[in-house]
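What follows is a set of notes on a single structure, which appears directly below.
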Amino acid sequence: LLHRLSANYFSKFSRAPVICKVVGRKVLDGVGQPTLEVEIYCTVKNCEKRICSTVMSSHAQISENALPDTAKADERERNDSVNTAVEWVNESLNTMLRNLKPTDQCKVDKVLGEYFRKKVEEKKEIQNQEGEEAEATLALTSSTASATALSGKKKGAKPGKKVAVAERTIPPAEPVESVLCGSLAIGGTSLAIAKAGATISHIPLYLHIALLKHDQDSPKEMTLPLPMVTLLNCEKISPAKLKLVKEVMLIPPVQLSLKQGIERVLVIQKEIMRLLDPPGKVVQISHLGCLITGCDNLEQPLLLMQTACNNMGLELGTDMHLAINCAAHESMDYVKGKYEVLTGTFKSPDEMVDMYVELINKFPFIIALIDPLRKEDRQQWNNICCALGSKCYLIAEDAAKYISQLKIDENINMPMCSGVVLKYINQTTRGEKADFQTLQAVGLGARFIKLGGLSRGERVTKYNRLLAIEEELAKNRTICIFFLHYMLHCINQDRIKAYSLKGRQRDKERKKGRKGFARIYYA
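If you count by UniProt numbering, then the sequence shown holds residues 1 to 523, one letter each, in order.
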């Protein structure tokens, strides 16, 4: 014992561990897609030692109804991005981060940020050069075409022919925000070094992140996010008629512990499996870790949930709450300028607002809607917030701007909503094999966490880690239960005043992440 205590005492005077090597390699994620793994090696007491590794998500999940050409292009983009990221990590970042302390996350992120900005500027220069060349080619082509047109005769339009005019124009879809090829390396390296810093400091990663958030002041209390557990994945490409709803999720009540809530969700899931499938039939599980089903109307999945809960002696709205991921942007028909709610049934953005109001009034146990509208329908977002803001959370996922843009401009033009979905990288939606997203959600103090269903290894791993964190916080008496109670029960009072005469000021406060603005961590 004396020798061990002496060794621990004198080890405090040794040189702090520094990064000696960063290794990147191409691996497979939870759904068999290529992705990036980053390993961190440090010099600890004059010896090179492997500290940790991180496997990142591979890429964005493309729409279910994407064309084959789009899927192939997405696969090529994914491979190019991973290959570029591996090159960045093994060459430039390995050199730039050498001899830095893994515990100095601010300095590490500053180096990574400068490198990223340099790559963005290089890409812009290439794009500008390509644009100038394209303009020169276009000018040459147009001059040739105009000379040819002068020798011909101009044809007049046929009399009596009418041009079809849309009933009402809708805002066009905003261009897809480009993601720099290889940017996976920046997020992967930053997270790997954060994990290394936590390992060297002998503290959990979620506490290490919380210390970074609170400027190294240890938080007196920490809150666990409420899980949004996906039970049903309503495929939009299935033969069934329903095209609007993508996911139906359960949110346990705040009076239950996380363990009790997960156990209750499991009971409901087993009952739904019994209701959906006859004995002996193979149950289909989606990449989200939940049951795959198709529905013919908007009420069918909700009534199924209600029936399952009633059979188990549970009441929706009291013993369990519902959330719906609408993913409305995937249901927009730009030719008709309307959303396809059911096969052959279309609704305008204003009609969608009325439909949601009627739905929430009929099923008051729904406490959250994710992406009920496109981000371009800002007026309708305002309308739905005024109508339903006091009854449920209205969350923007696809409808939200990237977090990097929100940090640059807090007054950026984005839809008015109750909260936004935070993702570790812009592409994180599927295939993660580790539990880092869970640790980050706890460290950042997210109000909700969306991890998918209770099947598939990469999903269950995150739930198991969340349960372990609950035990750790309860043992240390640092878990804050009151905040969780406040989180849902404040909706009525906090939202009624949200769009009064002081609505603009409150909206600015929400964008800054103050009280009343829900943050969902999505893995």
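Ideal Cβ positions, reconstructed from N, Cα and C, are used throughout, including at glycine. No experiment lies behind these values; they were computed from the predicted model shown.
Segment limits, alpha helix (DSSP H) that includes residue i
i: Y334; result: Careful: Y334 lies outside any alpha helix (DSSP H) and carries neither H nor E.
i: residue 529; result: Look at the range of the chain in this structure, 1 to 523, and you will see that residue 529 is not part of it.
i: L444; result: 436-444
i: L36; result: Element bounds for L36: not the alpha helix (DSSP H) but the beta strand (DSSP E), 34-44.
i: A474; result: 457-476
i: E376; result: Segment: none, E376 is in no alpha helix (DSSP H) and carries neither H nor E.
Proximity below 8 Å, CB of residue i to CB of residue j
i: L100; j: K110; result: no
i: I384; j: V353; result: yes
i: L180; j: V267; result: no
i: A185; j: L36; result: yes
i: I370; j: E340; result: no
i: L439; j: I209; result: yes
i: S183; j: N233; result: no
i: S218; j: L112; result: no
i: G197; j: T345; result: no
i: L231; j: V248; result: yes
i: L291; j: P252; result: no
i: V265; j: M273; result: no
i: L467; j: I203; result: no
Residue i - containing beta strand (DSSP E), residue span
i: L394; result: 393-396
i: I51; result: 47-55
i: L451; result: 448-452
i: K21; result: 18-28
Chain-order list of residues whose beta-carbon lies under 6 Å from that of residue i (same chain, five-residue window excluded)
i: K367; result: First, the amino acid is wrong: residue 367 is Ile here, not Lys. These residues qualify, in order along the chain: H321, C392.
i: S348; result: K338
i: F13; result: none
i: M56; result: T35, L36, L184, G188
i: S455; result: I285, G289
i: L359; result: none
i: L316; result: Q306, C309, F365
i: K26; result: P34, V82, V86
i: V163; result: For V163, the predicted structure reports a pLDDT of 43, less than 50, and the residue's modelled location is therefore unreliable. The matter cannot be settled from this model.
i: P239; result: none
Given residue i as reference, the closest of the options once Cα atoms are compared
i: L298; options: V31, C326, Y334; result: C326
i: F363; options: G445, L303, I40; result: L303
i: A441; options: L224, A16, V283; result: L224
i: K475; options: E39, M222, Q306; result: M222
i: H329; options: K246, E130, R117; result: K246
i: V18; options: L342, S201, E376; result: S201
i: R378; options: L2, P171, R4, E263; result: P171
i: S178; options: Q127, I193, V283, L211; result: Q127
i: L444; options: L205, P372, K45, D296; result: L205
i: K45; options: A7, H3, K462; result: A7
i: I395; options: E351, R447, N361, N94; result: R447
Residue i beta carbon near the ligand COA (any heavy atom closer than 7 Å)
i: L28; result: With respect to the ligand COA, the structure shown offers nothing to examine, as it has no ligands at all.
Other residues of its chain near residue i: CB distance less than 8 Å, five sequence neighbours each side excluded
i: E470; result: L224, S257, L258, K259, I479
i: I20; result: Sequence check: residue 20 is Cys here, not Ile. Closer than 8 Å at Cβ, skipping near neighbours: Y41, C42, T43, E48, R98, N99.
i: R465; result: D435, T438, L439
i: S331; result: K236, K243, L244, Y339, E340, V341
i: D333; result: Y339, E340, F346
i: T169; result: G337
Sequence-distant residues of the same chain with beta carbon closer than 7 Å to residue i, five excluded per side
i: G453; result: V229, T230, L231, L288, G289, C290, R459
- Message: To test your reading of the DSSP string, which unbroken beta strand (DSSP E) runs of 3 or more residues are found completely within the segment 265-344?
- Response: Within the segment 265-344, the complete beta strand (DSSP E) runs of at least 3 residues are 291-293, 321-325, 338-342.
- Item | Ordered list of alpha helix (DSSP H) runs contained in the segment 180-233, each at least 4 residues | Within the segment 180-233, the alpha helix (DSSP H) runs of at least 4 residues that lie entirely inside it are, in chain order, 184-201, 205-213.
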